[in-house]
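*Asks:* Sharing a structure, written as structure tokens. Questions coming.
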Amino acid sequence: MSFNHPDEIVRGQGFMVLADRRVFAVMAFLNAVGLDEESPGKQMHPVRVRVRELVAANLASCPDKVESWRRHYETHKLPFYCYQDFALSLSADYPFRRIRPDAELGYAVTAEQLRDFPVILNDFWRAARVVEVWQRIQPDYAAELRKYDVARMTQQMAFLWEYLRMPRHDTLTLVNVPNLLDMHYRAIGARYEGYYYTVESPGSHSYGLNIHEYLHSIINPIVEAHSGRVKVAVREYYEAGKDKPMVEHYRAPVGFTYECLVRALDHRLRALLSATPESHERAEARMAQLHEPGLTLSQPFYRLLTQYEQSDQPFDRFFPTMLERLPEYRP
Numbered sequence: 004m005s006f007n008h009p010d011e012i013v014r015g016q017g018f019m020v021l022a023d024r025r026v027f028a029v030m031a032f033l034n035a036v037g038l039d040e041e042s043p044g045k046q047m048h049p050v051r052v053r054v055r056e057l058v059a060a061n062l063a064s065c066p067d068k069v070e071s072w073r074r075h076y077e078t079h080k081l082p083f084y085c086y087q088d089f090a091l092s093l094s095a096d097y098p099f100r101r102i103r104p105d106a107e108l109g110y111a112v113t114a115e116q117l118r119d120f121p122v123i124l125n126d127f128w129r130a131a132r133v134v135e136v137w138q139r140i141q142p143d144y145a146a147e148l149r150k151y152d153v154a155r156m157t158q159q160m161a162f163l164w165e166y167l168r169m170p171r172h173d174t175l176t177l178v179n180v181p182n183l184l185d186m187h188y189r190a191i192g193a194r195y196e197g198y199y200y201t202v203e204s205p206g207s208h209s210y211g212l213n214i215h216e217y218l219h220s221i222i223n224p225i226v227e228a229h230s231g232r233v234k235v236a237v238r239e240y241y242e243a244g245k246d247k248p249m250v251e252h253y254r255a256p257v258g259f260t261y262e263c264l265v266r267a268l269d270h271r272l273r274a275l276l277s278a279t280p281e282s283h284e285r286a287e288a289r290m291a292q293l294h295e296p297g298l299t300l301s302q303p304f305y306r307l308l309t310q311y312e313q314s315d316q317p318f319d320r321f322f323p324t325m326l327e328r329l330p331e332y333r334p
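If you're matching positions, the sequence shown starts at 4 in the numbering used here and goes up one per residue.
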């Protein structure tokens, strides 16, 4: 993969921040055909508003195309993360084409359901004159890139692996992709080739290492390696949370477990990095808040991290002990 627009990239040792044209094109398309949601109490990012207006004006003369694209979107109605992950399997610039095999897709369902999507996306790019829209708002993305602190990312990465007491298991370049066209507080992680991408909407990050998304690349395999034990240990926690709103995308015990554990680790690491009483209080309060909307395991895992810190074991070896020490579930 090569990115040919140097003014759309910030590089560091092992890190990149990228104004990704693939993600921009896909998100502009989704906004044009039905992605109208925003997080409660938040307003759409000003760049999202401008792009929606510019694209709508450019498409005013082709309502039939818009309607056909809308039918495609409504027919498949895949979650946002499927579209964003699929975007990262495409070539870096227009004309977009698949360059990674189906086996690498983060969500296998997209291999078939979005098989014709690159053709649709290229048609949208031309009809909506997306390159002109991009040129209009590219300065906003350039300003967003400059907010990222690559030196801080390096420090956070070193601290994360030191905390886990594990050798770093990858040689990936981490690529942060600001996504100003999505609703607030959404992010995904996706691995393609030698890159680990984190696509980050407004409010979902702090312009450093996206600890939450990167942790998934480490924690998910650890949890999956103990899937049988996990299903037994977390059964009551999972049953209590599985129909709650925050568990919508984690409706299986293993996925539920690694999401709860990643949340616990993310907040613990951030509290330790901040090293203030207030940061620890915020983390503990957030863990308590996650119980009611369904992530019932996050607070117990967070409390067990103190025992992990007092041990001398690497995290992957201590994880089975955490399962054994989970307290009996209480509503």
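Using N, Cα and C, we set each Cβ at its ideal position, and we do this for glycine too.
Keep in mind it's a predicted model, so treat the numbers as computed, not measured.
My understanding is that E227 touches V265, with C-beta atoms under 8 Å, so please give their C-beta distance in whole angstroms.
*Replies:* Contact doesn't hold; Cβ gap of about 13 Å is too wide.
*Asks:* May I ask you to report which of helix, strand or coil DSSP gives F32?
*Replies:* F32: helix per DSSP, three-state reduction.
*Asks:* Could you pull out every unbroken alpha helix (DSSP H) segment of at least 4 residues lying fully inside the stretch 108-191, listed in chain order?
*Replies:* Segments of the alpha helix (DSSP H) lying fully in the stretch 108-191: 112-116, 120-130, 133-149 and 153-167.
*Asks:* Assuming contact is defined by CB atoms lying nearer than 8 Å, are Y198 and V180 in contact in what I supplied?
*Replies:* Not in contact: Y198 and V180 (Cβ atoms no closer than 8 Å).
*Asks:* Tell me, which residues are paired with L218 by DSSP?
*Replies:* Bridge partners of L218: none, in fact.
*Asks:* How many angstroms separate the CA atom of L21 from the CA atom of P323?
*Replies:* Roughly 38 Å separates the two Cα atoms.
*Asks:* Which whole-angstrom value is the C-beta distance of I225 and D152, which I expect to be below 8 Å?
*Replies:* Not confirmed; about 28 Å, so no contact.
*Asks:* With DSSP collapsed to three states, give me the class of L275.
*Replies:* The answer is helix: DSSP assigns L275 an H, G or I state.
*Asks:* Where does R101 fall in DSSP's three states?
*Replies:* Correct three-state label for R101: strand.
*Asks:* Which same chain residues end up closer than 7 Å to L276 when comparing Cβ atoms and leaving out the 5 residues on each side of it in sequence?
*Replies:* Once the five neighbours on either side are set aside, the close Cβ partners of L276 are Q159 and F162.
*Asks:* Looking only at C-alpha atoms, which of D96, D10 and V26 sits nearest to I191?
*Replies:* The residue with the shortest Cα to Cα distance from I191 is V26.
*Asks:* Kindly identify the DSSP beta-bridge partner or partners of I12.
*Replies:* Per DSSP, L21.
*Asks:* Closer than 8 Å is the cut-off here; do at least three beta carbon pairs connect the stretch 233-248 with the stretch 213-220?
*Replies:* Result no; under three Cβ-Cβ pairs closer than 8 Å.
*Asks:* With L148 and V50 assumed to form a contact (beta carbons below 8 Å), what rounded beta-carbon distance in angstroms separates them?
*Replies:* Not really, about 13 Å apart at Cβ, beyond 8 Å.
*Asks:* Check R194 in the structure and name its three-state DSSP category.
*Replies:* It is a strand residue.
*Asks:* Using C-beta distances below 6 Å, list every residue in its chain close to V69, excluding the 5 sequence neighbours before and after it, in chain order.
*Replies:* Correct list, in chain order: L62.
*Asks:* Using only the alpha-carbon positions, how far apart do C85 and Y144 sit?
*Replies:* Their backbone Cα atoms lie some 23 Å apart in a straight line.
*Asks:* Would you mind reading off the limits of the alpha helix (DSSP H) that contains A60?
*Replies:* A60 -> alpha helix (DSSP H) spans P49 to N61.
*Asks:* Quick one: what does DSSP say T201 is sitting in, helix, strand or coil?
*Replies:* The answer is strand: DSSP assigns T201 an E or B state.
*Asks:* Where does the unbroken alpha helix (DSSP H) through H283 begin, and where does it stop?
*Replies:* P280 to Q292 is the span of the alpha helix (DSSP H), which, as asked, contains H283.
*Asks:* Roughly how many whole angstroms lie between the Cα atoms of R73 and V36?
*Replies:* Taking the straight line from one Cα to the other gives about 5 Å.
*Asks:* Can you look up G93 in the DSSP assignment and give me helix, strand or coil?
*Replies:* Sequence check: residue 93 is Leu here, not Gly. Strand at L93.
*Asks:* With distances taken from CA atoms, which of E165, M30, Q302 and T176 is nearest G244?
*Replies:* The shortest C-alpha separation from G244 is found at Q302.
*Asks:* For the alpha helix (DSSP H) containing V250, list its first residue and its last residue.
*Replies:* Unbroken run through V250: none, as it is neither H nor E.
*Asks:* Cα-Cα, which of A95, M47, L33 and Q16 is closest to K80?
*Replies:* Taking only the C-alpha atoms, the option nearest K80 is L33.
*Asks:* Please confirm if Q158 has its CB atom under 8 Å from at least one CB of chain C.
*Replies:* Absent from the structure is chain C; it holds one protein chain and no more.
*Asks:* Expressed to the nearest angstrom, what Euclidean distance is found between the alpha-carbon atoms of S314 and A154?
*Replies:* When rounded, the distance between both Cα atoms is 30 Å.
*Asks:* At which residues does the alpha helix (DSSP H) containing Y76 begin and terminate?
*Replies:* Counting along the chain, the alpha helix (DSSP H) containing Y76 begins and ends at P66 to H79.
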